[in-house]
Structure formats: C-alpha cells, structure tokens
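Here's the structure, in structure tokens; my notes come after.
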Amino acid sequence: NAGVTQTPKFQVLKTGQSMTLQCAQDMNHEYMSWYRQDPGMGLRLIHYSVGAGITDQGEVPNGYNVSRSTTEDFPLRLLSAAPSQTSVYFCASRRTGGQGEQYFGPGTRLTVT
Amino acid sequence: AQSVTQLDSQVPVFEEAPVELRCNYSSSVSVYLFWYVQYPNQGLQLLLKYLSGSTLVKGINGFEAEFNKSQTSFHLRKPSVHISDTAEYFCAVSDSQPPKKLVFGQGTRLTINP
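As you go down the protein sequences, you meet chains A and B in turn.
Residue numbers for the first sequence, in the working numbering: 395 to 507.
Residue numbers for the second sequence, in the working numbering: 387 to 500.
In structure tokens form, the structure reads like this:
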C-alpha cells in the first residue's frame, strides 16, 4: 500500500513551458485535491475532485488544469509556466464519506525560471 | 467560507519546555478541525483532529489540542518538547458537510533549542 505518490520530486521549467505533475493513490479514495505551498501562506487549494469525471476549482485555480479519468489518478497540468508558479505542490486524497482527514503525498518542488 | 489564522509564524522554545501553538478559525457552520505536522522536506502528517464530542483531543507524539467554540480556537499544546518536534505545524478547518474542503492556516515553525 503506497498511499499517495507524486512524480516528479523536483522539476525546473522555463517560462512558457508546459508540464504535468502526476498524482496517484491506491486507497480507492473518491476525493482528491491539489495544493500549493508558499512560505508564509500555508497550503492553498488549487483544484479538487469528488470522483472520476468530476472536478472543481479551489482558491487559486488560474494557470492550472486538472482531469480525473480514473479513481486512482489526478494529474495537474501547467499549460504555460510562469515564475509565480514556483512552489511546492502537494496532492492529497480521502474517502468522500470520511471525516475530512486527508492523506498527503511527498510533494513536487517546482522552479520556473 | 472558513478561514484559519495561526497567530505565531515562529515559536522558539527550549528542549523539555512546554509549548502552545495558537489557532483561531472563522466559520458560520459546523466544522472539523485538524493539526498537521510537516517535518523538513516531507509531506504533511496528521497530528490530531476534532470532529465532535470531548473538546480535548489527544494526538500522536504527546500533542493535544483543545476546541473552544466560544473563542473559535483550537490551540495545540505539548507539556515537554523534544528536539525531534522541530517542524512546521499547520492548523486546518473543513466543513462537516460535503465537499469538506480543507482550509489551512499560514503555519507555525516550531524550533527546539537544546
């Protein structure tokens, strides 16, 4: 049971490049979410999904796309990277019927130059 | 919409001293409350949670927190800290109703000095 996994661990992009951050979970959790962590700002919700085929925006969705074609996977796409997207990205999951506790992946550290 | 305020961005304490990390939240509905810990270069790990019932909740590593509805607070405490408690601590709140989005505070960096 691997829990929540994220790839890559580190990534450096140039402004304007695109990439996909991968997230997978093996706990059959319906709810998955993406956060970004910036110093002094805690974690802010980017997008979330309550099940396959259903996604919604969080607090800071601009510049990011998501899709949820399977229960296990929830990739985050940066269409045209900007320096403001330099951050640490965390994926998390939980059961929809659960009590709100989320399980977090190890994070992806992204630098946009 | 909920919000969370962690009143201290950094808290330095000496080893074996007690510590309190403060958290206040605002919400117009019934909530769940959480404390997460992030050790250097790692993801977030749940320390403890309040869902309902007893206002004093105990978590892992000797931490506890007290839910105070009238003061909308959920402060985290430990009677005697260890060097290994050095980490960043996040308070978080979610609605008790779906979709139960989690809203985080800004974090408190706890530094333990020998």
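The beta-carbon is built from N, C-alpha and C at its ideal position, and this holds for glycine as well.
Which first and last residues belong to the beta strand (DSSP E) in which B/VAL479 is found? 473-481
Taking the straight line between their C-alpha atoms, what separation do you get for A/ASP432 and A/ALA418? 23 angstroms
Residues sharing a beta bridge with A/ASP450, DSSP: A/TYR442
Just grab the DSSP bridge partners of A/MET413 for me. A/LEU472
Cross-chain neighbours of B/LEU442 in chain A, by beta carbon under 9 angstroms: Chain A residues near B/LEU442: none, gap ~18 angstroms exceeds 9 angstroms.
I'd like to know whether the C-beta atoms of A/VAL398 and A/SER487 end up nearer to each other than 9 angstroms. yes
Any C-beta of chain A under 9 angstroms from that of B/GLN457: no
How would you write the range of the beta strand (DSSP E) that B/LYS487 sits in, first residue to last? That residue, B/LYS487, is in no beta strand (DSSP E); it is neither H nor E in DSSP.
Can you tell me which residues form a DSSP beta bridge with B/HIS461? B/GLU452
9 angstroms Cβ cutoff, B/LYS464 in contact with chain A: no
Go ahead and pull the three-state DSSP assignment for B/ILE438. It should be noted that the sequence gives Ser, not Ile, for residue 438 of chain B. It is coil, neither helix nor strand.
For B/ASN447, which three-state DSSP category applies? helix
Going along chain A in order, which residues have a C-beta closer than 9 angstroms to the C-beta of B/GLY445? None at all; the shortest Cβ gap to chain A is about 12 angstroms.
Per the contact definition of three or more C-beta pairs closer than 8 angstroms, is the stretch 410-429 of chain B in contact with the stretch 474-488 of chain B? yes
Can you pull the DSSP bridge partners for A/ARG430? A/ARG438 and A/TYR483
A/PRO500 versus chain B: which residues are under 7 angstroms apart at the beta carbon? GLN428 and GLY429
Within 9 angstroms of any Cβ in chain B, is that where the Cβ of A/TYR458 sits? no
Can you name, in chain order, every residue of its own chain whose Cβ lies under 8 angstroms from the Cβ of B/THR497, other than the five neighbours on each side? GLN396, VAL397, PRO398, VAL399 and THR472
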